[in-house]
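Reading through the structure tokens given below for one structure.
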Amino acid sequence: MKHLTKVADLSDADIERIFKLAVGFEAVLERKMKKVPALAGRTVAFLFVEPSTRTRVSFELAARRLSADTVTLSAGASSLKKGETLEDTAYTLAAMRVDAVVIRHPHEGAADALARLGLFSVINGGDGKHEHPTQALLDAYCALKHFGSLEGTRVAIVGDVLHSRVARSGAQLWKRLGATVAFVAPPTMLPERPAGPDPIFHSLDDLLAEWGGECGILYFLRIQRERLEEPCLPSLAEYRAFFALTKERLARLPESTRIMHPGPVNVGVELDREAVRDARSLIDEQVRCGLAVRMAVLADTIAGEGGDVEVPA
Ligand code: NCD
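When you read off a place in the sequence shown, starting at 1, and then add 9, the result is the number in my numbering.
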């Protein structure tokens, strides 16, 4: 797999290979010596044209754990700000013999445009409202560790589905792996014609009344406060009343349901502190798995089909 810009890029064999590599890398990350030479001598550039902390840090650490050299270009402090186009930046990086670029960009399709130039491997770290494939992979990997298989697992994605690249990539991958996906959102935060026959609920209470103990995963999206000015969100108080996992709802949540969130959490908006720290929450585990999965994606795209990579026993 040379590029990873969207979930549709992944074949079943790709997914299997990446998850297998991630298992090996997870073990590496538990050692005192948390590094392997898989990408020694290779260079990974991080092109972050939109703010990010956890995705950027996770990718940077992943590349370093694989012994790659890394360079970071952020929007505020690079020539992108001086009017250089993405394409010009790409040719400059290629002239410096960069092997891969991890890009986060506010425009949908930016990662695909970069990949089409054919200059280096491109990994999408989030492009506008479009896709965030490594988030989907790490979430699925993390859930698989807990459920063994996702065949028949019920996953409810709660929040602003319409504007969420996490929801778009996630829903595709959950379904590919056999899960049933429902959306829990106000009508203004759903696509006009939500794809397929996926069930839709307009409150968390309705979902829990219908699914109860059958609900395997409650996957919360971040409420993007930047959208408060748009007409899709009446007020945070109203949103909380219908869609937040409050302390009170947490007390009624089935024991077997797991709570997930891509971060950063707006504590007190979509999740109360108690829900983040609850024993049913996989949020820290998602971050832990994320590093191993991103190591696997970098190794596979740069070193080639897992072949060159020696996964330590
Ligand atoms: C998400 C993103 O930026 O797309 N966060 C992340 O990558 N961890 C979700 C979000 O910011 O809402």
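Every residue, glycine too, gets a C-beta built ideally from N, C-alpha and C.
Top-ranked residue by Cα proximity to residue i, from the options
i	options	result
glycine 135	Tyr150, Asp108, Phe55	Phe55
glycine 277	Cys224, Ser158, Arg249, Ile132	Arg249
glutamate 264	Asp21, Arg185, Phe210, Glu223	Glu223
glycine 137	Gln144, Leu123, Arg113	Arg113
aspartate 18	Tyr100, Leu280, Arg185, Thr81	Arg185
serine 67	Val302, Ile226, Thr101	Val302
alanine 71	Ile132, Pro60, Arg26, Ser244	Ile132
leucine 255	Cys151, Val285, Ile226	The amino acid at residue 255 is misidentified as leucine; the sequence shows threonine. With distances taken between Cα atoms, threonine 255 lies closest to Val285.
arginine 261	Glu283, Ser244, Cys241	Glu283
alanine 312	Glu93, Gly50, Ala149	Gly50
glycine 225	Glu279, Thr64, His155	His155
leucine 199	Arg231, Tyr228, Trp183, Cys241	Cys241
valine 170	Leu153, Asp108, Pro195	Pro195
Own chain, CB closer than 7 Å to residue i, minus 5 neighbours either side, in chain order
i	result
aspartate 23	Met10
arginine 258	Leu213
alanine 103	Leu128, Phe129
histidine 116	Asp136, Gly137
tyrosine 150	Phe28, Ala31, Cys298, Val302
Residue i - DSSP class collapsed to helix/strand/coil
i	result
serine 212	coil
isoleucine 232	coil
leucine 280	strand
threonine 62	coil
phenylalanine 55	strand
cysteine 241	coil
threonine 266	coil
histidine 155	helix
aspartate 121	helix
serine 67	helix
glutamate 140	strand
glycine 316	Because glycine 316 sits at a pLDDT of 45, beneath the cut-off of 50, its placement in the model cannot be relied upon, and the point is left open.
arginine 163	strand
glycine 222	helix
threonine 81	strand
alanine 109	strand
valine 323	With the chain covering 10 to 322 only, the question about residue 323 has no answer from this structure.
leucine 227	strand
serine 178	helix
arginine 30	Residue 30 is actually leucine in this sequence, not arginine. DSSP places leucine 30 in helix when its eight states are reduced to three.
leucine 13	strand
Exposure of residue i, with buried meaning 16 or more beta-carbon neighbours within 10 Å
i	result
methionine 304	buried
threonine 197	exposed
arginine 163	buried
serine 158	exposed
lysine 15	buried
serine 290	buried
aspartate 309	buried
aspartate 97	exposed
valine 32	exposed
aspartate 281	buried
glutamate 279	buried
aspartate 21	exposed
Proximal residues to residue i (C-beta, below 6 Å), its chain only, five neighbours per side dropped
i	result
glutamate 160	Gly187
alanine 84	Val58
glutamate 201	none
leucine 126	Ala99
threonine 189	Arg163
Cβ-based neighbour list, residue i, same chain, cut-off 8 Å, excluding 5 preceding and 5 following
i	result
arginine 73	Lys44, Thr79
alanine 191	Arg163, Val164, Ala165, Ile166, Asp207, Pro208, Ile209, Phe210, Leu216, Trp220
threonine 3	Nothing in the structure corresponds to residue 3, since the chain is present only between 10 and 322.
glycine 168	Ala176, Val193, Ala194, Met198, Phe229, Leu230, Arg231, Ile232, Phe252, Glu279
* Asked: Just the residues with CB closer than 7 Å to a heavy atom of ligand 3, in chain order, which are they?
  -> Ligands in the displayed structure: ligand 1; ligand 3 is not one of them.
* Would you check if there are 3 or more beta carbon pairs closer than 8 Å linking the stretch 179 to 187 to the stretch 210 to 217? => With the cut-off at 8 Å, the stretch 179 to 187 and the stretch 210 to 217 do not touch.
* **the stretch 167 to 177 in contact with the stretch 138 to 148 per 3-pair CB rule at 8 Å** => For the pair of segments examined, the stretch 167 to 177 was found to touch the stretch 138 to 148: the number of CB pairs separated by less than 8 Å reaches three.
* Any chance the stretch 108 to 123 sits against the stretch 269 to 287, with 3 or more Cβ pairs inside 8 Å? -> Put simply, the stretch 108 to 123 does not touch the stretch 269 to 287. Fewer than three CB pairs are less than 8 Å apart.
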